[in-house]
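Colleague: For the protein sequence lines, the chains are A and B, in the order given. Residues in the first sequence are numbered from 1 upward in steps of one, following this note's numbering. Residues in the second sequence are numbered from 1001 upward in steps of one, following this note's numbering. A single structure is presented below for examination.
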Amino acid sequence: MKNKTTARFSPAPAALPILGLLLLAGCASSVNSYQRAQPESVANYVNDRRVVTDTTLARALRVVSIAENRVSGNLLQITATIESLKTGARSFHYKLDWIDAAGAPAGDTGWRLLSLRGRETTAVTAVATNPGIVDFRLQIVEK
Amino acid sequence: MKTHTTPILALAAAAGALLMSGCSTPAHYVDSKGPATLVSLNQINIQDFYQAADDLVAGILASGVLERAPAQPAVLLVSRIINNTQTNFDMSLLSEKVSGALLNTGKIVVLNDTDAKAESQRQMNEFLGKGAARPKPYYSLSGKIIEDKASAGRTKQTSYVFQLSLTLVDDGIQAWKGEKTITKQGTRSAIGW
Chain A
1 MKNKTTARFS
11 PAPAALPILG
21 LLLLAGCASS
31 VNSYQRAQPE
41 SVANYVNDRR
51 VVTDTTLARA
61 LRVVSIAENR
71 VSGNLLQITA
81 TIESLKTGAR
91 SFHYKLDWID
101 AAGAPAGDTG
111 WRLLSLRGRE
121 TTAVTAVATN
131 PGIVDFRLQI
141 VEK
Chain B
1001 MKTHTTPILA
1011 LAAAAGALLM
1021 SGCSTPAHYV
1031 DSKGPATLVS
1041 LNQINIQDFY
1051 QAADDLVAGI
1061 LASGVLERAP
1071 AQPAVLLVSR
1081 IINNTQTNFD
1091 MSLLSEKVSG
1101 ALLNTGKIVV
1111 LNDTDAKAES
1121 QRQMNEFLGK
1131 GAARPKPYYS
1141 LSGKIIEDKA
1151 SAGRTKQTSY
1161 VFQLSLTLVD
1171 DGIQAWKGEK
1181 TITKQGTRSA
1191 IGW
């Protein structure tokens, strides 16, 4: 009698993963965006080198471009355009390390939180506060 | 029966000890700007000061306002920053970060009237009529930190609004204004963010 009860098929546990997937799909929403077809802004794009150590992260987020600019005369400003490749909301941490003309580290922005909605594209920017800073390294990790 | 109970009890005790040691966290260092820092709902955390100062400095520099001073580097006087939050903290956590970062750019020099030795020597020089005259500040840095609290059920939300402005000392005109808001939400404070 006891064995019979254990072996009986119950549809409830089987339906749970399906229900979970349906709920998750219902929660996921992605951003629609609209902008000028022919942008008037002209960015000075940096020819960047990419080192990927986390392929899961690389499938979740894409650095579309990195642009540089000089503000207040001689201070390096970096703007990275970042796109979420997932349909659900995701959070990341990013940091910009500053490097001087001799290749030595010259401070950083500290880790920052980056929360993106599904397929959202955003830009993160930072200004180096030392005129001797000529280079940067952008680092991103998934939260 | 007795032979079965003893190992179970020993196992439970070992598991309990492991769990207890896993729950306590010995003191350790964390990156002051990093995501391992504490997040408090009722006060400004150290990473909040760093983030607010960095963003406000970036705003000043990107605006190009420092380039417009007739004499370079311009003289900056750090004026009053008002704390309108419910917690007491040293306002230099913000003002020193901002004025220090601006000083490092080489675009300004900061007038320091809090150094007792330098101030007494300056007064002596003034009395004796020697030495250079005290430079007149061109910009004054002032601001305010405001707290805004809200809740829905058990969830609390606190926003800290950091407001800064650069004012031309001669005529009182505001040359730059900036604001950075940091919002935290949750039912209780947490380790990490």
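Glycine is no exception: its CB is placed at the ideal position from the N, C-alpha and C atoms. Please read these numbers as outputs of a predicted model, since none were measured by experiment.
1. Identify whether B:Val1039 lies in helix, strand or coil by the three-state DSSP scheme.
2. Taking only three categories from DSSP, how would you classify B:Ile1060?
3. Under a CB-based cut-off of 8 Å, is B:Glu1147 close to chain E?
4. Can you find the residues in the same chain that come closer than 7 Å, C-beta to C-beta, to B:Asp1055, ignoring five residues on each side of it along the sequence?
5. Sorted by chain position, which residues of the same chain lie with C-beta nearer than 7 Å to A:Thr5's C-beta, five sequence neighbours on each side aside?
6. Near B:Leu1103, which residues of its chain fall below 6 Å by C-beta distance, leaving aside the five closest residues on each side in sequence?
7. In the structure shown, what three-state DSSP assignment does B:Gln1086 receive?
8. Rounded to whole angstroms, what's the CA-CA distance from A:Arg59 to A:Ile140? Just pull it up for me.
9. Between the alpha carbons of B:Trp1176 and B:Thr1167, how many angstroms are there, rounded?
10. DSSP three-state label for A:Lys143, please.
11. Let me check understanding here. Comparing Cα to Cα, which of B:Phe1089, B:Ala1069, B:Phe1127 and B:Lys1149 lies closest to B:Gln1185?
12. If contacts are defined as beta-carbon pairs under 8 Å, then B:Ile1060 and B:Thr1085 qualify, I think. What distance do you get, rounded to the angstrom?
13. Taking CB distances under 8 Å as the criterion, tell me whether A:Arg70 reaches chain B.
14. Can you tell me whether A:Gly110 is buried or exposed? The criterion is at least 16 other CB atoms within 10 Å of its CB, across all chains shown.
15. Under 7 Å between beta-carbons, which chain A residues line up against B:Asn1104? List them in chain order, please.
16. Any C-beta of chain A sitting closer than 8 Å to the C-beta of B:Val1057?
17. Using a Cβ-Cβ distance under 8 Å, would A:Trp111 count as near chain B?
18. Whose Cβ in chain B lies nearer than 8 Å to the Cβ of A:Gln139?
Modeller: By the coordinates alone:
1. Numbered from its first residue, the second sequence carries residue 1039 of chain B at position 39. In this structure, B:Val1039 counts as strand in the three-state DSSP scheme.
2. Here residue 1060 of chain B refers to the residue found at position 60 of the second sequence. Correct three-state label for B:Ile1060: helix.
3. Included in the structure are the protein chains A and B, with no chain E among them.
4. As a position in the second sequence, residue 1055 of chain B is number 55, starting the count at 1. Taking B:Asp1055 as the centre and dropping the five residues before and after it, the same chain places the C-beta of Lys1180 closer than 7 Å to its C-beta, in chain order.
5. Taking the first residue of the first sequence as position 1, residue 5 of chain A is located at position 5. Summary for A:Thr5: the model assigns pLDDT 46, below 50, so the residue's position carries little reliability, and this model does not support an answer.
6. Taking the first residue of the second sequence as 1, we reach residue 1103 of chain B at position 103. Excluding residues within five positions, the ones whose Cβ falls inside 6 Å are Val1110.
7. Residue mapping note: residue 1086 of chain B aligns to position 86 of the second sequence, counting from 1. Look at B:Gln1086 here: in three-state DSSP terms it is coil, with no helix or strand label.
8. As a working note, residue 59 of chain A is residue 59 in the first sequence. As a working note, residue 140 of chain A is residue 140 in the first sequence. A:Arg59 and A:Ile140: Cα-Cα distance of roughly 13 Å.
9. Counting from 1 along the second sequence, the entry for residue 1176 of chain B is found at position 176. Counting from 1 along the second sequence, the entry for residue 1167 of chain B is found at position 167. Roughly 7 Å between the two C-alpha positions.
10. One-based indexing of the first sequence puts residue 143 of chain A at position 143. Three-state DSSP puts A:Lys143 in coil, outside helix and strand.
11. If you number the second sequence from 1, residue 1185 of chain B lands on position 185. Considering only alpha carbons, the answer is B:Lys1149.
12. The residue labelled residue 1060 of chain B in the question sits at position 60 within the second sequence. The residue labelled residue 1085 of chain B in the question sits at position 85 within the second sequence. With a contact defined as Cβ atoms closer than 8 Å, B:Ile1060 and B:Thr1085 miss out at about 23 Å.
13. Along the first sequence, read from residue 1 onward, the residue named residue 70 of chain A stands at position 70. No, its Cβ sits nowhere closer than 8 Å to a Cβ of chain B.
14. In the first sequence, counting from the first residue as 1, residue 110 of chain A sits at position 110. By the neighbour-count rule (16 or more Cβ atoms within 10 Å), A:Gly110 is buried.
15. Translated into positions along the second sequence, residue 1104 of chain B becomes position 104. Per Cβ cutoff of 7 Å: Thr129 and Asn130.
16. Stepping through the second sequence from its first residue, residue 1057 of chain B is reached at position 57. Residue contact with chain A for B:Val1057: present (Cβ-Cβ distance below 8 Å to some residue of chain A).
17. Indexing the first sequence from 1 puts residue 111 of chain A at position 111. Look at A:Trp111: its C-beta is under 8 Å from a C-beta on chain B.
18. Start at 1 with the first residue of the first sequence, and residue 139 of chain A comes out as number 139. Those within 8 Å of A:Gln139 in chain B number zero; the least Cβ separation is about 12 Å.
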